[in-house]
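Here's the structure we're looking at; comments come further down.
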Amino acid sequence: MGISVTKARILTLFFTNIFLGIHLVTFGISLYTQLWKNPAQGRPTKKLLVAVTLAMGIIGVLDASLDAALNIQVWTTDNVSLFSDVAYWINVVKDSDKAIQPLIGDGILTYRCWVVWERRWKAVVVSVVLWFAGLGVSLGVIAKSAMLKGFDGINAPSLTPFLGAAYTLTVALNIITTSLIVYRIWIVSREVRRYIAGGDRLTYVIRIIIESGALYSVTALVTLLTAVSKSNADYIMGNVLVQMTGICFNLIIVRFEQNLADRNQVVSTHTHSRTPPVTTATASSRRKTSQVHAVPMLNITRSQSSEAKVTDSADKPAILSIDEESSVPATGKTDLSWNV
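Under full-length UniProt numbering, read the sequence shown as residues 1 to 340, first letter to last.
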């Protein structure tokens with residue numbers, strides 16, 4: 001026997017508040033990192049990422065607030081039918097939140113993939129098509145729910161195909177786009193590992209992307225299954241997905257920046273703690289001549305043809321950084337400067 005709408009709505013309020021708390025914690029840390037920590041360390045603030053962080057946080061708080069308002073109205077008026085009245089304005093706004101939040105998350109994921117692939121549209125054409133398809137289906141869900149009459153709830157026969165299609169598209173987009181990002185970083189990491197240190201850093205970036213993508217994809221997949229099976233548990237999972245989208249986005253920023261800060265601290269400590277080597281002369285060493293060979297720094301550039309070029313540089317070491325606002329120079333070469 002499935003869970004009733006009333007029980008599902010009460011559990012929705014409970015789980016939404018739990019995941020909202022996690023969302024707000026990561027939201028605060030993410031904003032602190034982007035607006036204060038990064039500028040203090042000389043790293044630029046990315047306005048796009050700040051805007052997305054704020055938008056997801058606002059939607060998450062709005063969705064949880066509407067849940068609380070709906071429960072108050074239901075239990076003070078003793079009108080339980082409001083829980084399943086899809087056309088009621090609170091439910092319409094909540095359905096809009098459930099549609100907009102994944103679209104923002106999928107859009108920023110596609111943008112990251114585009115940046116990682118050196119702004120090649122061919123690499124993200126499938127993701128872009130899936131995103132626009134999801135946009136159309138989501139608009140259909142909102143329009144249908146606003147005009148729907150009756151008290152069948154979100155599992156109304158006319159809404160189920162749209163919900164199933166929307167969740168299927170977001171799951172497919174996340175799996176495909178995350179795989180493209182990971183593949184690209186892995187290819188570049190393999191090519192440059194011969195010339196510079198830092199392959200472990202790229203491995204960590206890959207792990208962050210895979211873990212965050214898997215966390216979101218699993219949540220979306222469970223939501224899809226509850227929607228297709230017409231279980232009232234989709235009220236719970238739909239709200240959890242709203243918060244999980246923001247959580248996964250914030251975790252990528254927080255974990256990557258924390259790893260970057262830890263590495264900078266280790267490098268700084270190691271540099272300041274170096275002492276010159278002490279050599280002792282022995283009978284055997286006097287008969288041998290020691291030679292010190294200067295090893296030139298390597299400057300690595302990458303052309304659009306995916307060939308790594310290495311040139312000597314007397315004063316400029318090759319640095320692998322990850323920057324959202326990197327651009328392709330007019331020369332046709334691009335540095336390995338991406339942001340996760």
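We put the CB at the ideal spot given by N, CA and C, even for glycine.
Quick one: using the 10 Å Cβ neighbour count with 16 as the cut-off for buried, is residue i buried or exposed?
i: N79; result: exposed
i: I253; result: buried
i: F14; result: exposed
i: W75; result: exposed
i: R112; result: buried
i: V124; result: buried
i: Y167; result: buried
i: T26; result: buried
i: F132; result: exposed
i: A40; result: exposed
i: G42; result: exposed
i: Y32; result: exposed
i: T77; result: exposed
i: V218; result: exposed
i: V129; result: exposed
Short check: CB of residue i to CB of residue j, under 8 Å?
i: I3; j: M56; result: no
i: V182; j: I59; result: no
i: N174; j: A220; result: yes
i: I108; j: I247; result: no
i: K98; j: L66; result: no
i: V171; j: L224; result: yes
Let me check understanding here. Comparing Cα to Cα, which of the options lies closest to residue i?
i: N17; options: P44, R120, F256 and M237; result: M237
i: V50; options: G28, V61, S212 and D95; result: G28
i: L139; options: I100, A172, T168 and G164; result: I100
i: L163; options: W36, F256, K230 and T33; result: K230
i: L136; options: L169, W117 and V115; result: In the sequence as presented, Leu is not what sits at residue 136; that position holds Gly. Residue L169 is the option with its Cα nearest to G136.
i: L20; options: L62, L202 and A165; result: L62
Since I believe residue j is in contact with residue i (beta carbons under 8 Å), could you give me their beta-carbon distance rounded to a whole number of angstroms?
i: V86; j: I154; result: 6 Å
i: M244; j: Y204; result: Not a contact, Cβ separation roughly 22 Å.
i: V5; j: S84; result: 5 Å
i: G134; j: D152; result: About 24 Å; that fails the 8 Å criterion.
i: N250; j: T53; result: 7 Å
Can you name, in chain order, every residue of its own chain whose Cβ lies under 8 Å from the Cβ of residue i, other than the five neighbours on each side?
i: L148; result: V86, A87, A156, S158 and L159
i: I209; result: T178, I181, V182, I185, I252 and V340
i: V92; result: V86, I142, S145 and A146
Between which residues of its own chain and residue i is the CB-CB distance below 7 Å, once the five residues before and five after are set aside?
i: K7; result: none
i: L70; result: L82 and I90
i: Q73; result: L82
i: A68; result: L13
i: S212; result: C248, L251 and I252
Ignore the nearest five residues each way along the sequence and tell me which others in residue i's own chain have a CB closer than 6 Å to its CB.
i: R286; result: Its pLDDT being 44, under 50, R286 is placed unreliably in this model, and the value from its coordinates should be taken loosely. If we look at R286 and ignore the five residues flanking it on each side, it has no Cβ neighbours.
i: N239; result: T12 and T16
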